[in-house]
DNA sequence: TCCATAAATTGTAGCGCTACAAAAGAATGA
DNA sequence: TCATTCTTTTGTAGCGCTACAATTTATGGA
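What follows is the structure, encoded as structure tokens:
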């Protein structure tokens, strides 16, 4: 682009390739965008020369000229743990299979997310994938005005456009049913403080409702700091014990918090699940590796990623799927911790 | 961009804003790019109208017109664990402070990395940050031809342009010195199979050299599969025990593998560090949370991220820093596992 | 009042690419 | 041989924006 001092960097454009190959710029363009329109032999020659000269088509220019983009932007809240790994892989694989590219942005607050959304809109990406339904009002407004395809994942309804996820209430009920069936009666709940996303907030009412139906107390509740990782476990256990020292089970918002609880149990010499049963959420890798293995909810994150991108591409090619909602389900995985 | 069926989506351009505000398009452009050139009152009016109409400047067009980009691309190999979290935060913070934006791409093989590099070059980003020095020859070639600013991180020398990282050999020696000083004599080594990156390969020769100098055997070596997480720990311990059942210490390529070894020790009833001392690498969150705490190497990943982006921006604004190498150092953290 | 200077605003041209239409070549059948 | 059709290639125009130069407007002194 800019020739740095002492660099040979000539800017290679479609025009250079065309001259070198003895064809018109349009033939070069077609070689990349519509290979079928170009004769086999010509195409190969152009490709060879492009590779030799290190040419990469300028997306910015192509985007501008065509009004279309083959880049999809995804915003994820964290790379602190593995929960988004398969989700991103699902998005990448689906995008690649359709000739699209995925770029990411990391945003751990709604404000950062808003900045990331602006970046992506500025780049005129084909669509945006978000996690959760907790966004800045200004960002929601902007996305609606721009009318860019947006998918919110990990939720089953969102304020913007499309959504893909599983029912957190159903999953919460599934875990509690297992605990109740095994005879646990003093069941604690760990959630996240301040979280406005349905990804987390829908769990607590379900907890209260299920326990109430069984005539049990549902006040063993602690809300942890969302930025804590393993460390949230010990803190939460401490608080819950103060509310009721006879607590015999606890459900956690993530496997990381659950692992933190297990570590704390180890320090206290509590046997799991005899003294305390522990359930996690997410089926992170640590859930199967730690001893005892964690009972947890396995959301189909890879499929969620696939669906997100598929829905964006569908819209991009003209399918009228506004407001579409896809349920990717979940699976309860029972291990030794309950 | 494309008007989806049934959407109001008018495309808002700089021109629309200019008409609505009663100024020329250039004044709108200046309002965003060179605010000082525009009168306070005019600027505010333009900004207000732009916000009302949900206008976000089209980077693609701006990039094309100016030949400059304020977007930096970073490619990270994994989001499976926390090791890159602070690194990315360092990059983001530094970029934001300078008015740049960071976008990410996830690539866990050299081939995926090559695709990611192409995506970023296609977008004409201002610079690219890579992890390690293991890349596809074609990708290296392309980056050199393009003469785009590139920083390789976690290494102290790279085949492309600039580098920022710490000495893996010095860190390896530091760990081994601690183990030797504590009296461990049957020290095992876990590395990664097939890894060509200096990030991992420089450790083994140093291991052999340090042990040889102390007159100890250095054949307790196992190379793990790079795609394994915690699971690599148990496998590796198994193999090392077959080589020498009296193994009394082991150094691991990451804290995750080390945690896997700790989990396996728990299953076997081995006390750590009495029966086996375990050292990790990276100071992931789990290192301080697990019992016993892991002795590990803490690289200054946040600073590494800061430096990477700073070097790219320096180049972008014309500083001749080709081939620059920055050492961000490391710290040995001793905990109960050794 | 007029001229010099600074501040604010505005045309013009073109960045690299692609949609579209037009043109040139090749292939077919009568 | 010459229309007719299909395949392949090529101009033209313009996407939304910014560098740069040119112009208009305000400011201040003599």
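Residue numbers (the working numbering), protein chains in the order written: chain A, 7 to 344; chain B, 7 to 344. Think of the CB as a built atom: it goes at the ideal place given N, C-alpha and C, for glycine as much as any other residue. Note that the structure is a prediction, hence the values are computed from the model and not measured.
- Excluding five sequence positions before and after residue 150 of chain B, the CB atoms of its chain that fall closer than 7 Å to its own CB belong to 166, given in chain order.
- Between residue 317 of chain A and residue 96 of chain A, the C-beta spacing is not below 8 Å.
- Contact check between the region 318 to 335 of chain A and the region 154 to 170 of chain A: three or more CB pairs, one atom from each, fall below 8 Å, which counts as touching.
- If you look at residue 107 of chain A, you'll find it in the beta strand (DSSP E) that goes 107 to 112.
- Within a 10 Å sphere around the beta-carbon of residue 17 of chain B sit fewer than 16 other beta-carbons, which makes this residue exposed.
- Proximity of residue 78 of chain A to chain B, defined by a Cβ-Cβ separation below 8 Å, is not satisfied.
- Within chain B, no residue has its beta carbon less than 9 Å from that of residue 34 of chain A; the closest one is some 15 Å off.
- The beta carbon of residue 218 of chain A lies closer than 8 Å to those of 224 in the same chain, with the five residues before and after it left out.
- The beta carbon of residue 238 of chain A is closer than 7 Å to those of 230, 231, 263, 266 in its chain, skipping five residues each way along the sequence.
- For residue 105 of chain A and residue 66 of chain B, the gap between their C-alpha atoms comes out near 20 Å.
- In the structure shown, residue 135 of chain A falls within a strand segment according to DSSP collapsed to helix, strand and coil.
- As DSSP reads the structure, residue 337 of chain A sits in a beta bridge with A:304.
- For residue 228 of chain B, the secondary structure class from DSSP, reduced to helix, strand or coil, is strand.
- Interface flag for residue 65 of chain B against chain A is set, since a Cβ pair is found closer than 8 Å.
- Cβ contact annotation for residue 179 of chain B (same chain, cutoff 7 Å, sequence separation greater than five): 212, 216, in chain order.
- Around the Cβ of residue 228 of chain A, a 10 Å sphere holds 16 or more other Cβ atoms; the residue is buried.
- Of B:288, B:58, B:297, the smallest CA-CA separation from residue 271 of chain B is found for B:297.
- Residue 81 of chain B places its beta carbon less than 8 Å from that of residue 137 of chain B.
- Nearest CB-CB separation between residue 91 of chain B and chain A: below the 8 Å threshold.
- Take the alpha-carbon of residue 59 of chain B and the one of residue 163 of chain A: they are about 26 Å apart.
- With a threshold of 8 Å between beta carbons, residue 275 of chain B makes no contact with chain A.
- Straight-line measurement puts the Cα of residue 156 of chain B at about 12 Å from the Cα of residue 313 of chain B.
- Here residue 61 of chain B carries a coil assignment [DSSP, helix/strand/coil].
- Within the same chain, Cβ atoms closer than 6 Å to the Cβ of residue 93 of chain B are found at 307, 310, 311, the five residues on either side in sequence being excluded.
- In the structure shown, the three-state DSSP call for residue 196 of chain B is strand.
- By the 16-neighbour rule on beta-carbons within 10 angstroms, residue 111 of chain A is buried.
- Annotated as proximal: residue 120 of chain A and residue 144 of chain A, with beta-carbon spacing under 8 Å.
- In the DSSP assignment, residue 257 of chain B falls within the beta strand (DSSP E) that extends over 255 to 257.
- Rounded to whole angstroms, the gap between the alpha carbons of residue 247 of chain B and residue 115 of chain B is 31 Å.
- A check of alpha carbon separations from residue 258 of chain A across A:249, A:276, A:288 identifies A:288 as the nearest.
- In the three-state DSSP reduction, residue 296 of chain A falls in the coil class, being neither helix nor strand.
- With respect to chain B, the C-beta atom of residue 147 of chain A has a partner C-beta closer than 8 Å.
- Every alpha helix (DSSP H) of 4 residues or more that sits fully in the region 138 to 203 of chain B is shown, in chain order, as 143 to 152, 174 to 187.
- Per the coordinates, the alpha-carbon of residue 321 of chain A lies some 34 Å from the alpha-carbon of residue 32 of chain B.
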